[in-house]
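**Q**
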Ligand code: SF4
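Residue numbers (my numbering): 136 to 471.
(1) Using the three-state DSSP reduction, which class does residue 390 fall into: helix, strand or coil?
(2) Would residue 234 and residue 196 qualify as a contact pair, given that the criterion is a beta-carbon distance under 9 Å?
(3) From the DSSP output, in three-state form, read off residue 455 for me.
(4) Would you grab the beta carbon distance between residue 448 and residue 463 for me? Rounded to a whole angstrom, and I think it's under 8 Å.
(5) Among residues of its own chain, excluding the 5 on either side of residue 496, which ones have a beta-carbon nearer than 8 Å to its beta-carbon?
(6) Near residue 354, which residues of its chain fall below 6 Å by C-beta distance, leaving aside the five closest residues on each side in sequence?
(7) Tell me whether the beta-carbon of residue 281 lies closer than 9 Å to the beta-carbon of residue 304.
(8) Take residue 327 and list the residues in its own chain whose beta-carbon comes closer than 6 Å to its own, dropping the five residues that flank it on each side.
(9) Which runs of the beta strand (DSSP E) fall wholly inside the stretch 141-174 and span at least 3 residues, in chain order?
(10) Sorted by chain position, which residues of the same chain lie with C-beta nearer than 7 Å to residue 188's C-beta, five sequence neighbours on each side aside?
(11) By the DSSP assignment, the beta strand (DSSP E) with residue 207 in it spans what residues?
(12) What's the call for residue 400, buried or exposed, on a 16-neighbour Cβ count within 10 Å?
(13) Starting from the Cα of residue 123, find the closest Cα among 291, 199 and 214 and give me that residue.
(14) Which value, in whole angstroms, describes the spacing of the CA atoms of residue 170 and residue 420?
(15) Might you give, ordered along the chain, the residues of its own chain that have their beta carbon closer than 6 Å to the beta carbon of residue 405, omitting 5 neighbours on each side?
(16) Under 7 Å from any heavy atom of ligand 2, by CB: list those residues in chain order, please.
(17) Under 8 Å by Cβ, that's how I've got residue 209 and residue 147 pegged, so tell me the actual separation to the nearest angstrom.
(18) Mind checking whether residue 345 and residue 314 have CB atoms under 9 Å apart?
(19) Apart from the five residues just before and just after residue 217, which ones in its own chain have a Cβ nearer than 7 Å to its Cβ?
(20) Please determine, among 348, 432, 416 and 183, the residue with the shortest C-alpha to C-alpha distance to residue 387.
(21) If you follow the beta strand (DSSP E) that residue 362 is part of, which residue opens it and which one closes it?
(22) Looking at the secondary structure, which residues open and close the alpha helix (DSSP H) in which residue 334 lies?
(23) One question on the structure: do residue 289 and residue 247 come within less than 9 Å of each other, judged by their Cβ atoms?
(24) Could you pull out every residue in the same chain whose Cβ sits closer than 7 Å to the Cβ of residue 299, ignoring the five residues on either side in sequence?
(25) If you draw a straight line from the alpha carbon of residue 262 to that of residue 204, how long is it in whole angstroms?
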């Protein structure tokens with residue numbers, strides 16, 4: 136496949152597992168943090184990756200950027216194989232992608248001014264140097280809503296929102312084609328969250344970058360993203376265009392998450408009526424559909440056998456036995 140016809144990012148059957156110790160005398164077991172996940176992100180698309188804490192979202196984000204070693208599966212970036220690929224292709228991924236973390240203070244060097252941090256990225260990646268360096272640093276600060284005068288500030292002298300803007304400026308210094316933003320507004324006040332989301336929306340329009348926005352807050356994802364993937368216990372259980380998923384969720388887990396967004400419809404049942412209990416431990420995942428202990432629509436057949444296979448309706452995919460016999464629903468075939 137030529138690089139130009141390939142999606143920007145293609146994830147195929149990706150699995151990541153970690154060994155966990157269960158105490159003296161017990162064998163170490165594997166926790167499957169990401170389980171046979173497939174995802175395609177086109178240039179300029181904004182994907183929201185949602186699910187409760189422990190669903191595997193962050194691990195998937197890190198594995199996509201080659202920061203976590205997968206157990207199996209493939210990641211391609213711009214048509215080039217990254218998992219087990221050539222060093223030059225991994226280096227290309229590093230140059231063209233960036234990650235923004237939840238805690239901006241931990242992602243910035245406390246002993247370095249934010250201007251120096253941005254300048255370092257520009258120099259290392261050959262994006263600017265010499266007399267143009269300061270001008271580019273100032274340009275990036277202004278782009279994210281900071282002032283050039285703040286270039287000399289250390290991270291601890293800035294508010295959480297300003298620090299996250301500095302982290303975004305540092306990420307943008309690489310001129311990435313894909314940013315993975317992991318809960319990047321979760322620790323901020325609501326008003327600052329709104330500013331950062333507006334900034335990301337603006338940058339997406341202006342720079343055409345693709346964004347994988349990892350969040351547990353669906354109201355933020357609804358505002359920012361045009362595509363959504365819902366993760367539960369390491370698997371994507373539903374994916375597709377954000378508007379369709381928020382208006383008509385096909386998977387009961389998605390329906391419960393959507394119902395938990397208070398402003399969608401205050402008359403909707405409380406999420407507790409749609410979602411029972413807490414997610415099971417990833418160390419002992421239930422048989423059958425892993426969501427069955429919490430699913431109010433579970434059938435006897437949901438409790439045994441392999442997890443339900445993905446099925447497709449138009450450009451949506453979901454893993455649930457419901458909607459059998461509905462028009463236009465087909466099994467997902469590998470590679471389709
Ligand atoms: Fe619920 Fe069964 Fe669908 Fe799983 S497969 S989400 S248990 S109805």
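Just so you know, even glycine gets a beta-carbon here, dropped at the ideal spot from N, CA and C.
**A** Concretely, from the data shown:
(1) Collapsing the DSSP output to three states places residue 390 in a helix.
(2) Residue 234 places its beta carbon less than 9 Å from that of residue 196.
(3) Here residue 455 carries a coil assignment [DSSP, helix/strand/coil].
(4) Right, the Cβ-Cβ distance comes to about 5 Å (below 8 Å), so this counts as a contact.
(5) Because the chain in this structure spans residues 136 to 471, residue 496 falls outside the shown range and cannot be described.
(6) If the five residues before and after residue 354 are omitted, its C-beta is found closer than 6 Å to the C-beta atoms of 396, all from its own chain and listed in chain order.
(7) Taking 9 Å as the Cβ cut-off, residue 281 and residue 304 qualify as a contacting pair.
(8) Excluding its 5 nearest sequence neighbours in each direction, residue 327 has C-beta neighbours in its own chain below 6 Å: 296, listed in chain order.
(9) For the stretch 141-174, the continuous beta strand (DSSP E) assignments of 3+ residues that do not extend past its boundaries occur at 144-155, in sequence order.
(10) Same-chain partners within the cutoff: 351.
(11) Judged by DSSP secondary structure, residue 207 falls within the beta strand (DSSP E) whose first and last residues are 207-212.
(12) Confidence at residue 400 is low in this model, with a pLDDT of 48, below 50, so the placement of that residue is unreliable and no value is reported for it.
(13) The requested residue 123 does not occur in the structure, where the chain is confined to residues 136 to 471.
(14) Their Cα atoms are separated by approximately 12 Å.
(15) Unreliable positioning characterises residue 405 in this predicted model, as indicated by a pLDDT of 49, which lies under 50. The coordinate reading is nonetheless provided below. Closer than 6 Å at the Cβ level, and outside the excluded window around residue 405, lies no residue.
(16) In the structure shown, ligand 2 is absent; the only ligands present are ligand 1.
(17) Under the criterion of beta carbons closer than 8 Å, residue 209 and residue 147 qualify as touching, at roughly 5 Å.
(18) Yes.
(19) Here the set comprises 201, 210, 211, 224, 225 and 228.
(20) Comparing Cα-Cα distances from residue 387 to each of 348, 432, 416 and 183, the minimum goes to 432.
(21) That run of the beta strand (DSSP E) goes 362-367.
(22) Element bounds for residue 334: 325-342.
(23) With respect to the 9 Å criterion, residue 289 and residue 247 are classified as neighbours on the basis of their beta carbons.
(24) So the qualifying residues of the chain are 239, 319, 323 and 331.
(25) Going from the Cα of residue 262 to the Cα of residue 204 covers about 29 Å.
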